[in-house]
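Protein chains in written order, with our numbering: chain G, 137 to 375; chain C, 137 to 375. The next block holds one structure in the form of structure tokens; read it before the comments.
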DNA sequence: TCTCGTACAATTGTATACAATTATACGAGA
DNA sequence: TCTCGTATAATTGTATACAATTGTACGAGA
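In structure tokens form, the structure reads like this:
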């Protein structure tokens, strides 16, 4: 099952369809297309050097992801991702990563456990050298393995989506040395709990891990990347 | 914001694109297309009386939803939804509905609260007459309002997806009189907690509500609808 | 001047044509 | 008989053509 999942992912990056989809997605998340901006099929097609067909297919997917809204016979409008969206995603992710760790406690394989241990070890090494590129890669891999280890297609799917969503923000966060060290400590906690088959501890550790990542992001003012995107729809929840 | 969301939904049902998408989706969820079955674009197009273009667009969306898997240059294969998937969705939904209720505690409007109260009242009435059609409708509406009331585009989006996913199974479950009465009691608990601005209680009540719905479904053997779809990939988690 | 309606332009929705890729059938050679 | 290679069919990927819808500009009439 994991086999062709990965292959699919890889193939996608090189296939036209995948390229168009990922490119437009990236352009929305990076802020190239502003909130409420109308996306014209031909314009984007020309920019990417393709016809309307692949663009339209990408639009359908982006709509399902909630990044754009398609009004029939009218057009596609960027929904974007607000500061509040990012916060909400982290809150949701906190719960789901917790559930993931909890389930992984029961279904993780020996190989996966070993790979997690290796990642923690390697991260320690790279963190001491401030090598942010590798740290990011290892962090991604750590979570990827947990997603696979939870043995739930549905949960894995959800977490992967969210992970992608905040990837751009998260990458910047991890590049700070201090957080990467702390983050790895938290990974170790999760790992230990899983190894000890302590599902409650694993869940809590994973919960906290995501919340901490969010707190850290806020503290470092990395929200600024999204400044001005607030749409004024908020009703002021502040928990 | 809610305004055109609804309009979109309605328009979709009547637009060709929406029809094709929903129809294929329904056919997969209803088991018409078996697990791993290959979906041919022309065949399905002919069956629905449309060309390949709308079918392909629907395929892209279904892939993102995880209902089919598209292998480039090969074909689209049904992923289906296994017994374990249903269970996992309920577990995930339990957490997310909890979060939704918790957030709604802070952001719900007076109008939404009143509508929830009305729904609970109406459900009591219809339950006493065993009118399952109305009960289902009201139950849907209850959750819909909570999704809107949590004031989180992201969470709302996720919950709506899951809700759709299990709708077919859930409808059968609710038609049992006993559950519908109990279910409404649980709705009342959630509502009371929200009215009292007790976020902890609201979260717990919503958590339990979903878990109970699942337990009830299992007890009533409604799993049978999915019998034989198990793919043997499981590694035996049994919590 | 303002309003309304019609024509035209722009854009999306769908169907079809063509290209590229993959699966299959069949036959030649060992 | 078996294997391999080539031709052919089937299917997907992309581009384009045409239809339907929507937005806009302009002018006639009050």
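All C-beta atoms in this analysis are idealised placements derived from N, C-alpha and C, irrespective of residue type, glycine included. Since this is a predicted model, take the numbers as computed values, not measurements.
Practice task
Mark residue 351 of chain C as exposed unless 16 or more other C-beta atoms lie within 10 angstroms of its C-beta, in which case mark it buried.
Solution key: Taking all protein chains in view, the Cβ of residue 351 of chain C is surrounded by fewer than 16 other Cβ atoms within 10 Å, so the residue is classified as exposed.
Handout entry: Sub-8 Å separation of residue 251 of chain G and residue 271 of chain G beta-carbons
Key = Annotated as distal: residue 251 of chain G and residue 271 of chain G, with beta-carbon spacing of 8 Å or more.
Practice task
Give the DSSP-derived three-state secondary structure of residue 258 of chain C in the structure shown.
Solution key: Helix at residue 258 of chain C.
Handout entry: Reduced DSSP category for residue 149 of chain C - H, G, I as helix; E, B as strand; rest coil
Key = Unreliable positioning characterises residue 149 of chain C in this predicted model, as indicated by a pLDDT of 46, which lies under 50. A coordinate reading is not provided.
Handout entry: Inter-residue Cα distance where the pair is residue 227 of chain C and residue 201 of chain G
Key = Those two C-alpha atoms are separated by around 22 Å.
Problem - residue 355 of chain G at chain C interface by Cβ criterion, 8 Å - result: It does not; no Cβ of chain C falls within 8 Å.
Practice task
For residue 262 of chain C, I'd like the list of residues in its chain whose CB is within less than 6 Å of its CB, leaving aside the five on either flank, ordered along the chain.
Solution key: So the qualifying residues of the chain are 270 and 271.
Handout entry: Residues from the stretch 274-293 of chain C in contact with chain G, defined by Cβ distance under 8 Å
Key = Flagged, chain order: 287, 288, 289, 290, 291 and 293.
Problem - Interface positions of the stretch 242-261 of chain C facing chain G (Cβ-Cβ less than 9 Å), listed along the chain - result: Cβ contacts with chain G come from 242, 243 and 245.
Problem - Coil, strand or helix - residue 178 of chain C by DSSP - result: DSSP places residue 178 of chain C in the helix class (H, G or I) of the three-state scheme.
Handout entry: In DSSP terms, what residue 211 of chain G is bridged to
Key = Partner(s): G:207.
Problem - Alpha carbon of residue 223 of chain G to alpha carbon of residue 165 of chain G, nearest angstrom - result: When rounded, the distance between both Cα atoms is 15 Å.
Handout entry: Beta-carbon spacing of residue 302 of chain C, residue 225 of chain C below 8 Å
Key = Here residue 302 of chain C is near residue 225 of chain C, since their CB atoms are less than 8 Å apart.
Handout entry: residue 217 of chain G, buried or exposed, once every other Cβ within 10 Å from all chains shown has been counted against 16
Key = Residue 217 of chain G should be labelled buried.
Exercise for the section: Would you please verify whether the beta carbon of residue 224 of chain C is less than 8 Å from any beta carbon of chain G? Expected result: Yes, residue 224 of chain C counts as interfacial toward chain G.
Handout entry: Euclidean distance between Cα positions of residue 264 of chain G and residue 230 of chain G
Key = So the two alpha carbons sit approximately 27 Å from each other.
Problem - residue 160 of chain C versus residue 194 of chain C - alpha carbon distance - result: About 8 Å.
Practice task
Just mark residue 371 of chain G as buried or exposed, buried being the case when its beta carbon has 16 or more other beta carbons within 10 Å.
Solution key: Reliability fails at residue 371 of chain G, whose pLDDT of 32 lies under 50, so the model's placement of it is uncertain and the value that follows must be treated cautiously. Counting Cβ neighbours within 10 Å, residue 371 of chain G comes out exposed, since fewer than 16 surround it.
Problem - Collapsed DSSP secondary structure at residue 218 of chain C in the structure displayed - result: When DSSP states are grouped into helix, strand and coil, residue 218 of chain C belongs to the coil group.
Practice task
State the DSSP-derived secondary structure class of residue 166 of chain G, mapped to helix, strand or coil.
Solution key: In this structure, DSSP gives residue 166 of chain G a state outside helix and strand, which the three-state scheme calls coil.
Exercise for the section: Report yes or no: do three or more beta-carbon pairs, one from the stretch 315-326 of chain G and one from the stretch 241-258 of chain C, lie closer than 8 Å? Expected result: With a cut-off of 8 Å, the stretch 241-258 of chain C and the stretch 315-326 of chain G do not count as touching, because too few Cβ pairs lie within range.
Problem - Range covered by the alpha helix (DSSP H) that runs through residue 173 of chain C - result: First-last for residue 173 of chain C: undefined, no H or E at that position.
Exercise for the section: Count the C-beta pairs between the stretch 172-192 of chain C and the stretch 207-214 of chain C that are closer than 8 Å, then say yes if the count reaches three, no if not. Expected result: Because the criterion of three Cβ pairs below 8 Å is met, the stretch 172-192 of chain C and the stretch 207-214 of chain C touch.
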